[in-house]
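Going by our numbering, the residue at position 147 of the sequence shown is 696; the numbering climbs one at a time, nothing skipped.
A virtual CB, placed ideally from N, CA and C, is assigned to each residue, including glycine.
Structure first, commentary second.
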Amino acid sequence: METIEFSVEKPFRLDQYLSEQLTMHSRSRIQKLIEDGLVLVDGKTAKAGQKLKINQLISVTMPPLKELAVEPEDIPLTILFEDEYLAVVDKPVGMVTHPGAGVDSGTLVHALLHHMKGSLSGISGVLRPGIVHRLDKDTSGLMIVAKEDSAHRQLSRQIQAKEARRIYLAIVEGVPAKDEGVVNAPIGRDPKHRTRMAIVGDGRTAETHYRVLKRSHKHALLELELKTGRTHQIRVHMKSLNCPVVGDIVYNTKTTGTLAARGKLGLKGQALHAHKLVFVHPINGRLLEFESRLPEDLEALVDKLF
Numbered sequence: 550m551e552t553i554e555f556s557v558e559k560p561f562r563l564d565q566y567l568s569e570q571l572t573m574h575s576r577s578r579i580q581k582l583i584e585d586g587l588v589l590v591d592g593k594t595a596k597a598g599q600k601l602k603i604n605q606l607i608s609v610t611m612p613p614l615k616e617l618a619v620e621p622e623d624i625p626l627t628i629l630f631e632d633e634y635l636a637v638v639d640k641p642v643g644m645v646t647h648p649g650a651g652v653d654s655g656t657l658v659h660a661l662l663h664h665m666k667g668s669l670s671g672i673s674g675v676l677r678p679g680i681v682h683r684l685d686k687d688t689s690g691l692m693i694v695a696k697e698d699s700a701h702r703q704l705s706r707q708i709q710a711k712e713a714r715r716i717y718l719a720i721v722e723g724v725p726a727k728d729e730g731v732v733n734a735p736i737g738r739d740p741k742h743r744t745r746m747a748i749v750g751d752g753r754t755a756e757t758h759y760r761v762l763k764r765s766h767k768h769a770l771l772e773l774e775l776k777t778g779r780t781h782q783i784r785v786h787m788k789s790l791n792c793p794v795v796g797d798i799v800y801n802t803k804t805t806g807t808l809a810a811r812g813k814l815g816l817k818g819q820a821l822h823a824h825k826l827v828f829v830h831p832i833n834g835r836l837l838e839f840e841s842r843l844p845e846d847l848e849a850l851v852d853k854l855f
């Protein structure tokens, strides 16, 4: 078993603080670690809602991983870079990142297990091997995959420390008042719709920078840079500007937020694409930069709207 220790730097609830620190783990996995008594605060077992004090010592014991239950599948992948430590893949729209409720085949993880012959980091758990950060099913674009645990930890640290750059392109319905700006608003579970996220006072810190690349009367093409990586962050933040992502059937309540509207616009998913990744190689220190062009359906929509 591996034990991770760190000192408390700000007075959060224990579960919230661990979510900030252990970004490679899901909230449900962190909750399970606490429930199983594997999280100690100053040497004593703790509860999820415990209020922390600055300089308290947290110890987290990671149990050994269970044997992987996900079977490899021979699914085509677009790989922009690969070495023995990591890979950069270009995920197509419509592909789920990892297995979950109701999804047990056809995911990026199934494809990676076949291509990488099982050589993926295990930090994110048995259902998410190698997954350093994720993209929604209906979002296309670049993702980093870790093939080894030390590389995974270093990549996650770069993302958490805002050293890695993740830049997206989005077509939104509505035009921001300013040509560029920052949305800094905490995100958590929507109290009225538990399957959605929302801006909530006790949510996790979330920061998105945006710049208008093109505009028309009703739409804008935006470049967006994530400074944090919360679930549905761009989609929630764009909704808060009254400029929801075109084709977003969860957060867009305007005219393009339905499956019928997607079909009419020729979209396969929502108009959101992970366009650029910039990060330092976790082992050799080289600066790596990758770009992915807009998929054909989004390029066609840009030509139509602008």
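Measure the C-alpha to C-alpha separation of residue i and residue j and round it to an integer number of angstroms.
{"i": "GLU594", "j": "GLU551", "result": "One point to set straight first is that residue 594 is Thr, not Glu, in the sequence displayed. Answer to the nearest angstrom: the Cα atoms are 17 Å apart."}
{"i": "GLU616", "j": "VAL638", "result": "With a pLDDT of 48 at GLU616, under the threshold of 50, the modelled position of that residue is not reliable, and no figure is offered here."}
{"i": "HIS830", "j": "LEU837", "result": "7 Å"}
{"i": "ARG784", "j": "PHE839", "result": "23 Å"}
{"i": "PRO641", "j": "SER670", "result": "22 Å"}
{"i": "LEU567", "j": "ILE579", "result": "7 Å"}
{"i": "ASP846", "j": "ARG760", "result": "22 Å"}
How about residue i and residue j: are their beta carbons less than 7 Å apart?
{"i": "LEU770", "j": "ILE720", "result": "yes"}
{"i": "VAL658", "j": "VAL694", "result": "no"}
{"i": "LEU850", "j": "LEU808", "result": "no"}
{"i": "LEU606", "j": "SER556", "result": "yes"}
{"i": "PRO844", "j": "CYS792", "result": "no"}
{"i": "LEU704", "j": "THR646", "result": "no"}
Using alpha carbons as the reference points, say which of the options lies closest to residue i.
{"i": "GLY598", "options": "PRO625, ASP564 and SER577", "result": "ASP564"}
{"i": "ALA710", "options": "ASN833, ARG683 and PHE828", "result": "PHE828"}
{"i": "HIS664", "options": "PRO621, TYR634, VAL681 and ILE680", "result": "PRO621"}
{"i": "LYS666", "options": "ASP698, ARG706, ASP623 and PRO641", "result": "ASP623"}
{"i": "HIS682", "options": "VAL652, LEU635, LEU606 and LEU854", "result": "LEU635"}
{"i": "HIS701", "options": "PHE555, HIS768, ILE832 and ARG714", "result": "ILE832"}
{"i": "GLY818", "options": "ARG835, VAL795 and GLU558", "result": "VAL795"}
In three-state terms, what does DSSP make of residue i?
{"i": "GLY812", "result": "helix"}
{"i": "ARG743", "result": "coil"}
{"i": "ARG683", "result": "coil"}
{"i": "LYS763", "result": "strand"}
{"i": "HIS647", "result": "coil"}
{"i": "HIS768", "result": "strand"}
Distance cutoff 7 Å, beta carbons only. Does residue i sit that close to anything in chain D?
{"i": "PRO740", "result": "Structure shown: chain D not included; a single protein chain is present."}
Taking one C-beta from the stretch 813 to 824 and one from the stretch 683 to 701 each time, how about it: are there three or more such pairs within less than 8 Å?
-> yes
Does the stretch 744 to 757 come within contact of the stretch 772 to 791, defined as at least 3 CB pairs closer than 8 Å?
-> yes
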